[in-house]
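J.:
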């Protein structure tokens, strides 16, 4: 991704009434050092972009302040700045970080919808805020496509190490790509830019959402594709995931894959019509992830997988068809050096679990617990291959997996439409 | 002598026929009551089903976050669950009415006892059903969590939990029905207390070193691996 793949469209000259601000949401509260340094960088970024409308900063506050107020903290810069405040919903960010992120993003969108803005740039939430990413160059690069190119959704593209963000590599990215046909590498990002057109798709009174709605995550790229809106990605450089302490792997699977499976149920009519996938325009230069990646000792993961094969066959048989169960059992006989889970098998397993989530074959609390040993089997297989081929092959390996998801999509369609035909 | 025997036999046959003749209207009333109430139940369920479908009851339940109801319900439909409950409740009322009618015609006065005991049986069935469902849920939870915690004896633990709940449920059911209450209480106390004591001794004395070494090893492995692999 060394060069610009697609040029942004010509800058929009006229801005409609009620869309006069470019909202930039920063997770740092008023008066903090982080905020003043962010303003400094924002000022430099704004000078690089020939902005035709003023910036409006959204910062967290105890109460939502919808009327823009002059910002004294920005007086040392040449940037005329006003601010509004958004409330951070009371969610347990330590136990459910992705839900907390979503709640904050929705709070920002709700505020933006009320004010009436042209686009909204979210520079992370409390959980995902990373100051190092915010160089003026990257800020202007990130804001550019939305401001100048009329893109409705700008998603970040990070350079991750080979063994980072494996849940995204193994499930979230390939599944959303196969379902909706867009290749957005980080479908759940903390940084993003959304147009007013996209934000209007989210109800303003989300506080009154049903319990089902409140437990959901924002799959912005999915919504944008469904609405036929324009998406692009911007290279934001190397990044390591935060590694949320104290969250069990099965809980993380439930919190991330669960809402995606729920989303699948709601958008079934749409994704069943999608075939293949296509790249989305990408801006910026890719960076090499810093820090040497060690080889991973896979023995413990394979032990966990084998323990699952020995003990969970009865539960898996409620979800997986006999053929898949046979293949899984065969894997448990392989040695750690030769351990290999075929991509097609992993894709079918995920599709089967998505279907079980829809049909409620087993209690949902058990579903993701039962998926965990299989996931560790996939991680072990991936690690064995990357250890052998070198970390440079990691990206190619993810691409290969994504293609397998697409190739196996007819299997999902058959099972989704006629679940009883395949039911074990 | 033969005449006396003949007479005695005739009298007993007459008594049996008389009893049957006395019982027949009661049986007929019981069957009739069951049929009528089954028809009423079916009609009520049909009407209720139409009303609930018109109200989009299933969607509303899901919207209100009562997802568990769908999981308990056959065919994953709360509407189906509610209509079934209405039908069987009506049918049970029919059964009680039939028994009362049967009792009135037979003049034996057993209905109060039967109805009283029937209610106990129904409650015992509910307890048994709940116990089986809870046992299955807990055993699966223990098995899955045990496997994810890398416990080699996860299946054994899961079986232990399952049978513990089932034994507990059986004791509750038998106690509720009043069957061998003393033996059940005593037996259950000994069994349950024995299991808990055995587990406490096994972990506290016999496996103390093993458990601590296992936990230490687990901790070391986890820390080392998490430095390299980040799942999320």
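Protein chains in written order, with this note's numbering: chain A, 20 to 443; chain B, 17 to 248. All C-beta atoms, glycine included, are put in the ideal place defined by N, C-alpha and C. All values derive from a computational prediction rather than experimental measurement.
1. Using a Cβ-Cβ cutoff of less than 6 Å, which residues in the same chain neighbour residue 280 (chain A) once the five nearest sequence positions on both sides are dropped?
2. Just confirm the distance between the C-beta atoms of residue 136 (chain A) and residue 41 (chain A), as a whole number of angstroms; I'd bet it's less than 8 Å.
3. From this set, A:45, A:244, A:161 and A:178, which residue's C-alpha is nearest residue 253 (chain A)'s C-alpha?
4. If I follow the unbroken beta strand (DSSP E) through residue 62 (chain A), where does it start and stop?
5. If we ignore side chains and look at the alpha-carbon of each, how far apart do residue 150 (chain B) and residue 97 (chain B) end up?
6. Under 7 Å, do residue 221 (chain A) and residue 128 (chain A) count as touching if we go by C-beta distance?
7. Once DSSP output is grouped into helix, strand and coil, what is the label at residue 172 (chain A)?
8. Mind checking which residues open and close the alpha helix (DSSP H) that includes residue 124 (chain A)?
9. Can you look up residue 252 (chain A) in the DSSP assignment and give me helix, strand or coil?
10. Can you tell me which residues form a DSSP beta bridge with residue 80 (chain A)?
11. Report all residues from its chain with a CB closer than 6 Å to the CB of residue 46 (chain B); omit the five preceding and five following residues, and keep chain order.
12. Excluding sequence positions up to five away, which residues of its chain have a Cβ less than 7 Å from the Cβ of residue 303 (chain A)?
13. For a contact defined as C-beta to C-beta under 7 Å, what are the partners of residue 247 (chain B) on chain A?
14. Look at the Cβ atom of residue 172 (chain A), then the Cβ atom of residue 114 (chain A), and state whether they are nearer than 7 Å.
15. Return no unless some Cβ of chain A is closer than 7 Å to the Cβ of residue 244 (chain B).
16. Taking Cβ positions only, does residue 76 (chain B) come closer than 7 Å to chain A?
17. Is residue 436 (chain A) helix, strand or coil by DSSP?
18. Who are the near neighbours of residue 137 (chain B) in its chain, counting only those whose CB is closer than 8 Å to its CB and skipping five residues on each side?
19. Just the chain A side, please: which residues come within less than 8 Å of residue 156 (chain B) by C-beta, in chain order?
20. Can you name, in chain order, every residue of its own chain whose Cβ lies under 8 Å from the Cβ of residue 238 (chain A), other than the five neighbours on each side?
21. Which residues in chain B have a C-beta closer than 7 Å to the C-beta of residue 278 (chain A)? List them in chain order.
22. Of all the CB atoms in chain A, is at least one closer than 7 Å to the CB of residue 163 (chain B)?
23. For chain B, is any of its Cβ atoms less than 7 Å away from the one on residue 182 (chain A)?
24. Helix or strand or just coil, what does DSSP make of residue 177 (chain A)?
25. Should residue 422 (chain A) be counted as a contact of the ligand MG given a C-beta to heavy atom distance under 6 Å?
26. In the DSSP assignment, the beta strand (DSSP E) including residue 215 (chain B) goes from what residue to what residue?
27. May I ask you to list the residues that DSSP assigns as paired with residue 139 (chain A)?
28. Should the region 243 to 250 of chain A be called in touch with the region 144 to 162 of chain B, which here means at least 3 C-beta pairs below 8 Å?
29. At the 7 Å Cβ level, is residue 327 (chain A) part of the contact set with chain B, yes or no?
30. Using the Cβ count rule (16 or more neighbours within 10 Å means buried), how would you classify residue 35 (chain B)?
31. Closer than 7 Å, CB to CB, is residue 31 (chain B) near chain A or not?
32. Using a Cβ-Cβ distance under 7 Å, would residue 391 (chain A) count as near chain B?
T.: According to the structure shown:
1. Here residue 280 (chain A) refers to the residue found at position 261 when the first chain is read from its first residue. Within the same chain, Cβ atoms closer than 6 Å to the Cβ of residue 280 (chain A) are found at 373 and 376, the five residues on either side in sequence being excluded.
2. Reading the first chain from its first residue, position 117 is the one you call residue 136 (chain A). Reading the first chain from its first residue, position 22 is the one you call residue 41 (chain A). Yes, residue 136 (chain A) and residue 41 (chain A) are in contact; Cβ-Cβ is about 7 Å, under 8 Å.
3. Walking along the first chain from the start, residue 253 (chain A) turns up at place 234. The shortest CA-to-CA distance from residue 253 (chain A) to any of A:45, A:244, A:161 and A:178 is the one to A:161.
4. Indexing the first chain from 1 puts residue 62 (chain A) at position 43. Residue 62 (chain A) -> not in any beta strand (DSSP E); alpha helix (DSSP H) instead, spanning 52 to 67.
5. Looking up residue 150 (chain B) in the second chain gives position 134. Looking up residue 97 (chain B) in the second chain gives position 81. Between residue 150 (chain B) and residue 97 (chain B), the C-alpha separation is close to 19 Å.
6. Taking the first chain and counting its residues from 1, one reaches residue 221 (chain A) at position 202. Taking the first chain and counting its residues from 1, one reaches residue 128 (chain A) at position 109. Contact: yes.
7. For the purposes of this step, residue 172 (chain A) is taken as the residue at position 153 of the first chain. DSSP places residue 172 (chain A) in strand when its eight states are reduced to three.
8. Along the first chain, one-based indexing puts residue 124 (chain A) at 105. Per DSSP, residue 124 (chain A) is one residue of the alpha helix (DSSP H) stretching across 116 to 134.
9. Walking along the first chain from the start, residue 252 (chain A) turns up at place 233. In this structure, residue 252 (chain A) counts as strand in the three-state DSSP scheme.
10. The sequence position of residue 80 (chain A) within the first chain is 61, counting from 1. DSSP lists A:106 as partners of residue 80 (chain A).
11. For this step, residue 46 (chain B) is matched to residue 30 along the second chain. Excluding sequence positions up to five before and after residue 46 (chain B), its CB lies within less than 6 Å of the CB of 114 and 118, all in the same chain and listed in chain order.
12. If you number the first chain from 1, residue 303 (chain A) lands on position 284. Within the same chain, Cβ atoms closer than 7 Å to the Cβ of residue 303 (chain A) are found at 160, 253 and 254, the five residues on either side in sequence being excluded.
13. In the second chain, residue 247 (chain B) corresponds to position 231, counting from 1. Neighbours of residue 247 (chain B) on chain A, chain order: 185, 186, 268 and 271.
14. As a first step, residue 172 (chain A) is located in the first chain; it is residue number 153 there, counting from the start. As a first step, residue 114 (chain A) is located in the first chain; it is residue number 95 there, counting from the start. No, these two residues do not count as a Cβ contact at 7 Å.
15. As a working mapping, residue 244 (chain B) is identified with position 228 in the second chain. Output row for residue 244 (chain B): interface = yes.
16. Taking the first residue of the second chain as 1, we reach residue 76 (chain B) at position 60. Cβ-Cβ to chain A under 7 Å: no for residue 76 (chain B).
17. Stepping through the first chain from its first residue, residue 436 (chain A) is reached at position 417. Residue 436 (chain A) falls in the helix class under three-state DSSP.
18. To locate residue 137 (chain B), count along the second chain from 1; it is residue 121. Once the five neighbours on either side are set aside, the close Cβ partners of residue 137 (chain B) are 193.
19. Working through the second chain from its first residue, we reach residue 156 (chain B) at position 140. Neighbours of residue 156 (chain B) in chain A, taken as residues whose beta carbon is under 8 Å from its own, are 334, 381, 382 and 385 in chain order.
20. Here residue 238 (chain A) refers to the residue found at position 219 of the first chain. Excluding sequence neighbours, residue 238 (chain A) sits near 195, 206, 207, 278, 279 and 282.
21. Position 259 of the first chain holds residue 278 (chain A). For residue 278 (chain A), there are no C-beta contacts with chain B under 7 Å, since the nearest C-beta of that chain is about 14 Å from it.
22. Within the second chain, residue 163 (chain B) is the residue found at index 147, counting from 1. Cβ-Cβ to chain A under 7 Å: yes for residue 163 (chain B).
23. The sequence position of residue 182 (chain A) within the first chain is 163, counting from 1. For residue 182 (chain A), a Cβ of chain B is located within less than 7 Å of the residue's own Cβ.
24. Here residue 177 (chain A) is taken as the residue at index 158 of the first chain, counted from 1. In this structure, residue 177 (chain A) counts as strand in the three-state DSSP scheme.
25. For the ligand MG, the structure offers nothing, since it holds no ligand at all.
26. Counted from its first residue, the second chain places residue 215 (chain B) at position 199. Bounds of any beta strand (DSSP E) do not take in residue 215 (chain B); it lies within the alpha helix (DSSP H) bounded by 197 to 217.
27. Within the first chain, residue 139 (chain A) is the residue found at index 120, counting from 1. Bridge pairing for residue 139 (chain A): A:42 and A:213 [DSSP].
28. With the cut-off at 8 Å, the region 243 to 250 of chain A and the region 144 to 162 of chain B do not touch.
29. Sequence index remark: in the first chain, residue 327 (chain A) carries index 308 (1-based). Residue 327 (chain A) counts as touching chain B.
30. For the purposes of this step, residue 35 (chain B) is taken as residue 19 along the second chain, with counting starting at 1. By the 10 Å Cβ count, residue 35 (chain B) comes out exposed.
31. Here residue 31 (chain B) is taken as the residue at index 15 of the second chain, counted from 1. At a cut-off of 7 Å between beta carbons, residue 31 (chain B) makes no contact with chain A.
32. Against the first chain, residue 391 (chain A) aligns to sequence position 372. By this cut-off, residue 391 (chain A) is an interface position.
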